Amino acid sequence: MSFALNFCFAIFLSGALYAQSTGLSKERQEHLKTLQSLIKEDRIVELATKWVSYPIRRPNPVPDIKNVDEFILYYDRLFDSAFKAQLVSTIFDSTNTIDFDHTYKEVFGLYAGAIWLDLEGKIITINHNSPADSLLQYNLHKEQERTVHPSVKPWVRNVLVWESEKHLIRVDEIKDYKYRYVAWTKPKTISEKPDLMLFDGVIERQGTMGGWTYTFKNKDWTYLLDDSRIAESEDLVGFFIKVFHKDQLKSASRCTEVK
Numbered sequence: 084m085s086f087a088l089n090f091c092f093a094i095f096l097s098g099a100l101y102a103q104s105t106g107l108s109k110e111r112q113e114h115l116k117t118l119q120s121l122i123k124e125d126r127i128v129e130l131a132t133k134w135v136s137y138p139i140r141r142p143n144p145v146p147d148i149k150n151v152d153e154f155i156l157y158y159d160r161l162f163d164s165a166f167k168a169q170l171v172s173t174i175f176d177s178t179n180t181i182d183f184d185h186t187y188k189e190v191f192g193l194y195a196g197a198i199w200l201d202l203e204g205k206i207i208t209i210n211h212n213s214p215a216d217s218l219l220q221y222n223l224h225k226e227q228e229r230t231v232h233p234s235v236k237p238w239v240r241n242v243l244v245w246e247s248e249k250h251l252i253r254v255d256e257i258k259d260y261k262y263r264y265v266a267w268t269k270p271k272t273i274s275e276k277p278d279l280m281l282f283d284g285v286i287e288r289q290g291t292m293g294g295w296t297y298t299f300k301n302k303d304w305t306y307l308l309d310d311s312r313i314a315e316s317e318d319l320v321g322f323f324i325k326v327f328h329k330d331q332l333k334s335a336s337r338c339t340e341v342k
């Protein structure tokens with residue numbers, strides 16, 4: 084065998100052994116190599132334009148990142164120096180990544196779900212919360228406190244604010260890791276006294292991508308809120324509120340997120 088053939092075979096064998104040792108496919112390795120290169124070299128425009136699927140959701144009440152311009156503007160808030168250093172230096176393998184194979188969507192997570200990629204290698208979710216994000220979250224929290232009705236104060240963390248056809252709904256974490264449901268009938272605003280306030284909600288995580296179900300009881304009535312990130316079909320993805328009376332469904336509405 085010639086030197087050239089030997090050399091090519093060695094490269095092929097090395098790549099095959101590396102993919103086998105990491106437990107990741109060659110395609111996954113290429114996606115991760117691209118991501119690490121873009122972040123290491125701060126090729127922000129290329130990353131934002133070609134390798135991100137919008138919107139990128141942020142923790143309440145921080146606004147979601149809806150397009151390329153916003154991603155570029157908030158890049159340093161998403162990828163702080165410590166997180167960037169971790170990302171570019173990690174050798175990814177089956178111990179620090181997550182495969183999620185679902186009927187509707189296949190996704191791939193880094194670490195314990197700090198970042199999620201789709202099959203094309205595009206970022207679809209960033210769960211990492213930088214110090215700058217935390218500060219912005221705190222400042223927006225204080226701003227909300229100045230406008231909301233006194234009966235709603237205080238809370239530790241706002242979990243969601245949704246709007247259905249007839250209601251404005253918010254769920255907050257209050258003291259001791261307990262959860263509260265508050266609803267206003269339109270056209271009321273949050274500065275007015277709410278029409279319904281429920282406590283001791285039960286929250287269940289749907290998966291590492293961040294989907295949640297929130298359940299609140301009011302005697303024979305049950306209010307169930309679904310934040311569905313992955314489902315059997317695309318029409319089942321989104322925000323939904325269902326109201327039951329003695330386990331019988333009385334109403335179901337799709338909601339939109341308000342920030």
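In terms of the numbering used here, the sequence shown opens at residue 84 and continues consecutively. Backbone N, C-alpha and C fix where the C-beta goes; we use that ideal spot for every residue, glycine too. Since this is a predicted model, take the numbers as computed values, not measurements.
*According to the neighbour-count rule (16 or more other Cβ atoms, all chains shown, within 10 Å of its Cβ), is glycine 106 buried or exposed?*
In this structure glycine 106 is exposed. Its beta-carbon is surrounded by fewer than 16 other beta-carbon atoms within 10 angstroms.
*Does the region 206–215 come close enough to the region 136–151 that 3 or more CB-CB pairs lie under 8 Å?*
Remark: three or more beta-carbon pairs, one from each stretch, lie closer than 8 Å, so the region 136–151 and the region 206–215 are flagged as touching.
*Residue burial classification, leucine 332 (beta-carbon count within 10 angstroms, cutoff 16)*: Around the beta-carbon of leucine 332, fewer than 16 other beta-carbon atoms lie within 10 Å, marking it exposed.
_Can you find the residues in the same chain that come closer than 6 Å, C-beta to C-beta, to phenylalanine 327, ignoring five residues on each side of it along the sequence?_
Within the same chain, Thr305 come within 6 Å of phenylalanine 327 by CB-CB distance, once the 5 residues on both sides are set aside.
*serine 311 and glycine 294 look like a contact to me (Cβ under 8 Å); what is the Cβ gap, rounded to whole Å?*
Contact holds; Cβ gap of about 6 Å.
*Please list the segments of the alpha helix (DSSP H) lying wholly inside the region 177–205, counting only runs of 4 or more residues, in order along the chain.*
Taking 4 residues as the minimum length, the region 177–205 contains no alpha helix (DSSP H) run wholly inside it.
*asked:* Residues in the same chain with beta-carbon distance under 8 Å from lysine 261, minus the five sequence neighbours each way, listed in chain order, please.
replied: Correct list, in chain order: Phe282, Asp283, Gly284.
_According to DSSP, simplified to helix, strand and coil, what is glutamate 113?_
Reduced to three states, the DSSP call for glutamate 113 is helix.
*Shortest alpha-carbon distance to isoleucine 252 belongs to which of Tyr221, Phe191, Phe322?*
Nearest to isoleucine 252 by alpha-carbon distance, out of Tyr221, Phe191, Phe322, is Phe322.
_Nearest-angstrom Cβ-Cβ length linking glycine 192 and isoleucine 198, presumed shorter than 8 Å_ = The Cβ separation is near 7 Å, so the contact holds.
_Count Cβ pairs between the region 213–222 and the region 266–274 that sit closer than 8 Å; are there 3 or more?_
The region 213–222, when compared against the region 266–274, does not touch it at the 8 Å Cβ threshold.
*Decide if cysteine 338 is buried, meaning its Cβ has at least 16 other Cβ atoms within 10 Å, or exposed.*
Burial is judged here by how many other beta carbons sit within 10 angstroms of a residue's own beta carbon; cysteine 338 has at least 16 and is buried.
*Where the beta strand (DSSP E) containing isoleucine 127 begins and where it ends*: Run containing isoleucine 127: none in the beta strand (DSSP E); it sits in the alpha helix (DSSP H), 127–133.
*Contact belief for threonine 230 with isoleucine 273 at Cβ below 8 Å, rounded distance in angstroms*: Indeed, because the Cβ distance is near 6 Å, the residues count as touching under 8 Å.
*State the DSSP-derived secondary structure class of threonine 305, mapped to helix, strand or coil.*
Here DSSP, grouped into helix, strand and coil, assigns threonine 305 to strand.
*How would you write the range of the beta strand (DSSP E) that asparagine 241 sits in, first residue to last?*
From DSSP, the beta strand (DSSP E) with asparagine 241 extends over 240–246.
_By the DSSP assignment, the beta strand (DSSP E) with threonine 339 in it spans what residues?_
Per DSSP, threonine 339 belongs to the beta strand (DSSP E) from 331–340.
*Return helix, strand or coil for isoleucine 174, following the three-state DSSP convention.*
It is coil, neither helix nor strand.
*Tell me whether phenylalanine 241 is buried or exposed, calling it buried when 16 or more other Cβ atoms sit within 10 Å of its Cβ.*
What sits at residue 241 in the sequence shown is asparagine, not phenylalanine. Asparagine 241 counts as buried, since at least 16 other C-beta atoms from the protein chains shown sit within 10 angstroms of its C-beta.
_Closest residue to threonine 298 among Leu279, Arg263, Glu317 (Cα-Cα distance)_ = Answer by Cα proximity: Arg263.
_Does tyrosine 157 come out as helix, strand or coil in the three-state DSSP assignment?_
DSSP places tyrosine 157 in the coil class of the three-state scheme, outside both helix and strand.
_For glutamate 345, three-class secondary structure by DSSP_ = The first residue shown for the chain is 84 and the last is 342, placing residue 345 beyond what the model contains.
*asked:* Considering Cα atoms alone, identify which of Val145, Asp182, Ile286, Ser234 is closest to valine 341.
replied: Per the Cα distances, Val145.
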